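Colleague: After the structure tokens below, expect a handful of questions from me.
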Ligand SMILES: *Cc1c(COP(=O)(O)O)cnc(C)c1O
């Protein structure tokens with residue numbers, strides 16, 4: 108049964124899967140303890156729930172649970188990645204490379220750094236929205252410390268060649284951050300295969316609740332230099348102080364588990380719907396053109412099309 112209006116803006120946000128809501132409900136009234144309370148069973152129960160969710164999120168992206176740091180969403184994760192790396196070692200010279208097509212959650216912290224005297228290079232994509240890796244390479248300097256390029260674009264769905272960019276940054280000791288808010292849960296993401304050091308994700312773009320996300324921070328020795336945005340109780344290994352949002356975290360974990368199970372089937376289903384919609388538009392609307400590139404993964408991601 109078709110019910111109107113039809114919601115077609117899943118890049119802006121998604122409805123919460125009923126199974127996610129079900130997983131969250133007990134956290135409000137039963138598992139309501141503070142996971143930082145180490146002295147009693149209420150705290151332990153909340154801590155166990157958080158640990159299970161951390162593993163679910165880690166499993167979705169091929170990470171170790173200790174590499175997952177819960178935040179309030181991709182905006183905070185992006186700010187933490189960009190600003191955290193930029194301010195961690197104040198005495199070192201600093202240059203940042205990003206793209207003109209990044210989300211404002213990356214672009215605006217970069218602009219703020221520029222106002223503070225940091226040099227930032229903004230690489231333009233090609234016409235299809237995908238970056239030319241050679242342009243990233245040309246932008247690198249001896250003092251470049253961070254490259255930030257999103258995995259999937261929030262407007263046209265193109266996938267950027269993150270692994271190829273990592274092949275440039277890794278040998279040079281440059282950190283690579285990717286905003287994967289639009290990719291996680293929709294296309295297979297493996298942080299090891301991508302070669303990224305930092306990755307942002309958010310629950311509300313993958314059938315989870317709003318106001319919860321995570322920053323993956325690669326474990327390495329010595330520890331990757333990143334400073335917290337704010338100070339306080341030292342939660343999340345000191346990277347994100349503040350009492351944990353247990354219901355949100357449990358919801359993100361449940362959403363991650365569902366996405367992991369459904370990813371291949373959903374990609375096929377959404378891809379078929381996309382093709383049907385675009386076929387219909389093209390048949391009825393003369394001169395319709397599209398943005399993006401299926402060659403860049405847009406098609407695989409269930410987004411993007413050719414004119
Ligand atoms: C939605 C989105 C964000 C912001 O995420 P929030 O969790 O809403 O803060 C950041 N980057 C991209 C690419 C997004 O699509």
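Residue numbers (this note's numbering): 108 to 414.
Where a beta carbon is used, it is the ideal one built from N, C-alpha and C, also for glycine.
If you're wondering where the values come from, they're calculated on a predicted model, not measured in any experiment.
Cβ-heavy atom distance between residue 181 and ligand 1 below 7 Å?
Modeller: Yes.
Colleague: Which residues bound the beta strand (DSSP E) around residue 254?
Modeller: 251 to 255
Colleague: In terms of DSSP beta bridges, what is residue 495 paired with?
Modeller: Since the first residue of the chain shown is 108 and the last is 414, residue 495 is not available in this structure.
Colleague: Look up residue 373 in the DSSP assignment and say whether it is helix, strand or coil.
Modeller: The answer is helix: DSSP assigns residue 373 an H, G or I state.
Colleague: Which word fits residue 127, buried or exposed, when buried means at least 16 other C-beta atoms lie within 10 angstroms of its C-beta?
Modeller: buried
Colleague: To which residues of the same chain is residue 227 closer than 7 Å at the C-beta, ignoring the five residues directly before and after it?
Modeller: Short of 7 Å from the beta carbon of residue 227, and not among the five residues preceding or following it, lie these beta carbons of its own chain, in chain order: 203, 205, 217, 220, 221.
Colleague: Given residue 118, which residues of its chain have a CB within under 6 Å of its CB, disregarding the five upstream and five downstream residues?
Modeller: 261
Colleague: Can you tell me the Cβ-Cβ gap for residue 283 and residue 176, rounded? I've got them flagged as a contact below 8 Å.
Modeller: Wrong, their Cβ atoms sit about 17 Å apart, outside the cutoff.
Colleague: Report the residue from 369, 152, 385, 194 whose alpha carbon sits nearest the alpha carbon of residue 295.
Modeller: The option with the nearest alpha carbon to residue 295 is 369.
Colleague: Going by alpha carbons, who is nearest to residue 364 out of 259, 136, 314?
Modeller: 314
Colleague: In terms of alpha-carbon separation, which member of 309, 135, 287 lies closest to residue 120?
Modeller: 309
Colleague: Where do the ends of the alpha helix (DSSP H) carrying residue 194 lie?
Modeller: 181 to 195
Colleague: Bridge partners for residue 226 per DSSP, in chain order?
Modeller: 202
Colleague: Locate the alpha helix (DSSP H) running through residue 155, then write down its first and last residues.
Modeller: For residue 155, the enclosing alpha helix (DSSP H) starts and ends at 148 to 168.
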